[in-house]
Each structure stands twice: as C-alpha cells, then as structure tokens.
Amino acid sequence: MVVGAGLAGVRSVEALRARGFAGTITLMGEEAHRPYDRPPLSKSVLLGETDSTVVDSDLDALEVDFRAGVAAKGLRPGVVETTEGEVAYDGLVIATGARPIRLRGDGEQHVLRTIDDALELRARLVAGRSVAVIGAGWIGAEVATAARRAGCEVTVVEAADLPLSAALGPVGAHTARWYGQAGVDLRLGTSVASVDHDGLTLADGSRVEADVVVTGVGVRPAVEWLAGSGVELDNGVVTDEHLRTALPGVVAAGDCAAWWSRRYGRRLRVEHWDTALGAPEVAAATLLGGDAVYDPVPYFWSEQFGHMVQYAGHHDGERLVLRGDPATDVKWGACWVADDGRLAAVLAVNRPRDLLQGRRLIEGGQRLDVGRLADPAVALRDC
Ligand code: FAD
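In the numbering used here, the protein residues as written are 16 to 398.
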C-alpha cells in the first residue's frame with residue numbers, strides 16, 4: 016500500500032511493478048486529483064501556460080487501486096486507518112509529502128502547494144493588483160516572478176537580511192538585485208506579525224497594503240497521522256539508509272522522509288523533486304527484501320526572474336569560491352570546497368554545464384584545484 020499520491024507515491028507504485036511485484040497495490044491520496052508534478056505550479060501554471068501537470072504514468076496499466084480523496088488518519092501494524100475505513104497492508108510506503116506553513120491573522124492568505132492553490136492564485140494575479148509575498152525563498156521568488164509578469168505591483172517581505180538565506184547562505188544576497196530589476200519591492204529584515212484584511216501588519220506595527228497575500232515561508236512534513244503509530248518522527252519520518260522506518264514492513268520516501276545519508280554522515284530531509292523521483296526506487300527495493308541504499312547528491316532547481324538557478328550537493332561551513340561576478344555576469348556560480356579540496360556543493364546560475372559537471376565531481380569525490388575553480392572560463396571538469 017502507498018499513502019500519498021504525489022510524485023513519490025506514484026513512483027513507488029511504478030518501482031514496485033518494475034521489480035516484479037504482482038500483488039495488490041493501493042495508492043491513496045487525500046487530493047481529488049491524479050498524481051501531478053508540483054514544480055510547474057509556480058512556473059508554467061502561474062504564468063498561464065498550462066492548466067495540468069498530471070504525471071505521465073498509466074495507472075490502469077500499473078493495475079493500481081487508486082483512491083483519490085481518501086486521507087490516512089492513523090497507522091497501527093498491518094492497518095492504515097483512513098477517512099473511508101481501515102485498509103490492511105503487508106508492506107507500506109509513506110509518501111505524504113509536506114504542507115505549507117501559514118501565518119497568524121484573519122486575512123485571506125494564499126499558499127502554493129496544490130494545483131487547486133495554483134489555479135486559485137493565478138485567477139487573483141490580475142494586472143494592477145497589489146500582491147504581498149511573504150518570504151524570499153524559492154516559492155516566494157517564483158510567485159513574485161509570475162505576479163510581475165501578470166502586471167501586478169509586487170512587494171516581497173523577508174525576515175532574513177538576504178533572499179534564499181536558508182539554502183544558500185551569503186550567496187543568496189547576489190539574487191537580491193533581480194527583484195529590483197524586475198520591479199519588485201524587496202523588503203529584507205522585515206518580519207510579519209499577522210496577515211490581516213487588505214494586507215500585512217509588520218512586527219514594527221507598520222502596514223503593507225495588498226489585494227492579494229501569498230505566504231511562502233516553508234513547509235512541514237505531513238506526518239501528523241503517524242503520531243503514536245510506532246513510526247519514529249523527528250522532522251519527518253525517520254528512516255535508515257534503506258528508507259526503512261522503525262515499523263517492520265514500512266518505508267518512507269519524498270518530502271516526508273528524513274533518511275540517514277551515508278555520504279554526509281547525518282540525517283537529511285530534502286524537499287525537492289529529484290528526491291521524490293529517485294527515493295522510491297530504493298523504498299520499493301527495501302520493501303521487497305533488497306538492501307539498496309539511498310545516498311544521492313541532492314539536487315534542485317528554480318526558475319526566477321528569468322534566471323535558471325540550480326544547486327547540487329550539501330554545504331555546511333565549507334570554503335566558498337565564486338565563479339564569475341554576480342554583480343555583472345548573467346552567468347555565474349558558486350562552489351563550496353572542503354579542506355581536502357573536494358567539492359561539497361555547486362550553485363549554477365544560467366550555467367547548466369557547471370551543474371552537470373559539478374554534480375559528477377561531487378559524486379566522484381575528486382580533489383580540485385581551487386585556483387582554477389575561481390575562473391569561470393575553465394570548465395569545472397578541468398579544475
Ligand atoms: P507531495 O508532492 O507533497 O505529495 C504528497 C501527497 O500526499 C499530496 O498529494 C498530499 O495531499 C498527500 N497526503 C498528505 N497527507 C496525506 C494523508 N494523511 N493521507 C493521504 N494523502 C496524504 N522542487 C525542485 O527540485 N525544483 C522546483 O523548481 C520545485 N518547485 C516547486 C514548486 C512548488 C509550487 C512546490 C509546491 C514544490 C516545488 N518543488 C520543487 C518541490 C517538489 O515539488 C517536491 O519536493 C515534491 O512534490 C515532493 O513530492 P512528494 O511526493 O514527496 O510529496
């Protein structure tokens with residue numbers, strides 16, 4: 016049985032069948048939709064280029080018992096309690112993803128997680144309207160991009176002193192000028208006290224008037240239904256490197272899973288598409304008795320203000336080396352290099368080749384010449 020019919024859920028079904036599992040598979044999801052991709056929601060859907068992002072997966076051919084609009088409410092060994100009664104299982108994949116955080120206040124507050132959220136928000140992005148976006152993270156930047164393209168007046172309010180601080184640290188500061196160039200009013204170091212009617216009240220008591228408020232301040236793993244089940248929870252579902260949970264016959268994958276990474280020697284929970292795509296392969300193998308290990312170099316991308324931003328790896332205090340000058344170059348990047356000369360992480364802005372080559376270097380663990388790394392004219396694979 017697979018609970019959660021997002022990308023990780025449907026990929027789990029595919030992986031189980033690809034590995035020859037011929038038994039019954041139930042795929043249960045609380046949304047009323049077939050599994051769909053979320054990255055386009057804040058890009059092509061908000062921009063009005065498409066209305067559907069349904070995953071290209073033939074549920075009939077997979078012979079899956081797909082139950083849309085059914086939520087899991089609880090779990091005990093061998094049984095999932097759902098809004099439509101109990102369902103027994105022999106093996107279970109937990110793939111319930113994450114839910115957006117909402118802020119205090121009585122005002123209307125849009126979030127962006129589902130196709131319904133995206134279509135509703137798109138309808139509100141009308142030329143001339145004022146839009147306040149809370150959070151200059153990945154979602155906030157992409158929403159601001161779409162809102163400007165729709166002709167809205169956009170203010171982005173960010174509590175930190177720079178955009179993307181959680182993911183990129185000081186490098187995020189180099190994306191701040193994109194906001195101004197796009198005509199977005201970016202207010203850094205500004206905390207929101209509450210979302211009220213007609214806008215925001217800030218922590219200092221001042222107001223940001225807005226017709227539309229979008230909150231993009233992060234997500235929390237959707238694991239409340241697992242409380243008391245015996246599955247260990249700590250910032251998501253705790254798993255080992257095989258994606259096995261504390262409960263026999265139960266694995267987890269995607270945004271909800273905090274897995275043990277051999278590569279980084281710590282637990283990781285990565286809220287990105289590539290993880291939902293790749294982890295189910297290992298989750299399915301584990302469920303069927305294999306001993307595959309999930310140990311990727313994490314990867315994600317974002318499209319904001321006309322820039323393709325890609326990141327691979329994981330950094331935590333390594334030496335930062337810029338490739339190019341973010342103040343003048345359209346194409347630039349950053350590398351985080353460990354003391355022993357190995358690449359820990361790479362950021363590529365409009366430099367897709369850096370991303371590909373950097374990801375391979377991280378996987379291969381080669382030592383690099385840091386002097387050459389700083390020269391954007393030198394290909395990463397030649398450093
Ligand atoms: P989800 O996609 O969240 O799917 C989980 C499903 O489980 C949901 O349908 C949920 O309703 C359902 N569910 C939850 N609780 C229950 C329950 N109790 N019972 C039954 N069903 C339940 N990543 C990138 O790398 N690059 C991007 O550019 C990018 N852009 C994004 C843009 C947006 C707007 C969003 C929202 C995400 C974006 N991501 C991006 C992240 C990426 O989409 C996620 O990492 C990915 O969707 C995670 O897949 P998942 O299957 O683990 O979880």
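Glycine residues also receive a C-beta, built at the ideal position from the N, C-alpha and C atoms. Because the structure is a prediction, the values reported are computed rather than measured.
To the nearest angstrom, how far is the alpha carbon of residue i from that of residue j?
i	j	result
Ala298	Leu215	43 Å
Phe320	Leu217	26 Å
Leu134	Trp274	33 Å
Gly84	Leu395	47 Å
Asp131	Asp354	47 Å
Leu335	Cys350	6 Å
Val223	Arg202	11 Å
Arg32	Val95	21 Å
Thr68	Leu292	15 Å
Gly166	Gln196	14 Å
Val148	Gly280	36 Å
Glu256	Ala225	46 Å
Gln372	Thr301	30 Å
Trp316	Val364	10 Å
Pro341	His329	21 Å
Pro311	Glu296	12 Å
Arg136	Ser209	In the sequence under discussion, the amino acid at residue 136 is Leu, which differs from the Arg named in the question. Each residue's Cα considered, the two are about 20 Å apart.
Leu383	Leu337	14 Å
Leu61	Ala156	12 Å
Gly122	Gly231	15 Å
Pro263	Asp306	14 Å
Ser276	Arg82	32 Å
Met16	Trp193	45 Å
Val15	Leu376	With the chain covering 16 to 398 only, the question about residue 15 has no answer from this structure.
Glu173	Ala142	23 Å
Does residue i come out as helix, strand or coil in the three-state DSSP assignment?
i	result
Gly386	helix
Thr301	helix
Thr170	strand
Cys350	strand
Ile130	helix
Gly187	helix
Thr260	coil
Leu248	strand
Tyr51	strand
Name the residue from the options whose alpha carbon lies nearest to the alpha carbon of residue i.
i	options	result
Leu77	Phe315, Arg34, Asp306	Arg34
Met43	Pro55, Ala353, Glu99, Gly152	Glu99
Ala294	Gly112, Leu337, Asn365	Gly112
Ala389	Val352, Gln381, Gly380, Val141	Val352
Lys346	Leu358, His330, Gln325	Gln325
Val25	Asp75, Val393, Asp226, Arg192	Asp75
Asp71	Val171, Gly21, Gly63, Val229	Gly21
Ala138	Pro178, Tyr51, Ala162	Ala162
Arg114	Glu168, Arg235, Arg282	Arg235
Pro92	Ala30, Gly220, Val232, Val266	Val266
Arg144	Ala159, Ile154, Gly152, Gly150	Ala159
Val199	Pro185, Pro178, His212, Glu29	Pro178
Ala108	His212, Arg382, Ala30, Cys398	For the sequence presented, residue 108 should be read as Val rather than Ala. Nearest of His212, Arg382, Ala30, Cys398 to Val108, Cα basis: Ala30.
Val146	Val228, Tyr309, Asp73, Arg53	Val228
Val171	Arg164, Ala191, Arg375	Ala191
Cys271	Ala261, Gly264, Arg277, Leu283	Leu283
Pro367	Gly379, Gly356, Leu383, Gly348	Gly348
Trp240	Gly38, Glu45, Gly150, Ala37	Glu45
Arg357	Glu318, Ala392, Cys398	Cys398
Glu318	Tyr51, Gly152, Gln124, Arg387	Gly152
Arg164	Ala359, Ser59, Ala242, Gly106	Ser59
What are the start and end residues of the alpha helix (DSSP H) that includes residue i?
i	result
Leu203	That residue, Leu203, is in no alpha helix (DSSP H); it is neither H nor E in DSSP.
Leu22	22 to 33
Ala162	153 to 164
Quick one: what's residue i bridged to in DSSP?
i	result
Arg276	First, the residue type needs correcting, since residue 276 is Ser and not Arg in the sequence shown. BP columns for Ser276 point to Arg281.
Glu96	Gly89, Glu101
His212	None; His212 has no bridge partner.
Phe315	Tyr326
His125	Val229
Arg114	Arg235
Val266	Val108, Arg259
Starting from residue i, trace the beta strand (DSSP E) in both directions and tell me its first and last residue.
i	result
Asp80	79 to 83
Trp240	Per DSSP, Trp240 belongs to no beta strand (DSSP E) and is neither H nor E.
Arg368	Looking at the DSSP string, Arg368 is not in any beta strand (DSSP E); the run it does join, the alpha helix (DSSP H), is 367 to 379.
Arg396	That residue, Arg396, is in no beta strand (DSSP E); it is neither H nor E in DSSP.
Glu224	222 to 224
Ala359	358 to 364
Thr41	40 to 44
Ala147	145 to 149
Arg338	334 to 338
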